[in-house]
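Comments concern the structure below.
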Amino acid sequence: MAAAATLAVIVATLGVAIVQFVPIGMLRLVIGVLLLLFGLKWLKNSILRYSGLKALHDEEAIFEERMAALRARGETTPSRLHPFAVALSY
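Numbering (the numbering used here), first residue to last: 693 to 782.
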């Protein structure tokens, strides 16, 4: 919820400034091109995964494999929160 409020404040303050200094047509063009490029990349990856030409990601198996490797080295997971991890996830 706090992240949504932060996003609303950023959009309210910077959104007006961007629209005043950048023509709306140019802004729409740049954002449209970026969305198109990212969308085509995601579409290509999904087609490759569906066709079997690219491996699927099994995040749970990767996590368990890494945890087993850490346990084998004798490392344990900390029980406290890391401030950097909390700030990064915010």
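Just so it is clear, CB atoms sit at the ideal spot from N, CA and C, and this is done for glycine as well.
CA-to-CA, the gap between Gly731 and Gly724 works out to about 10 Å. Inclusion of Leu748 and Arg741 in the CB contact set at 7 Å is warranted, their separation being smaller than that value.
When DSSP assignments are scanned along the segment 717-774, the uninterrupted stretches of alpha helix (DSSP H) that are 4 or more residues long and fall wholly within it turn out to be 751-764. About 6 Å separates the Cβ atoms of Ala695 and Tyr782, confirming a contact at the 8 Å cut-off.
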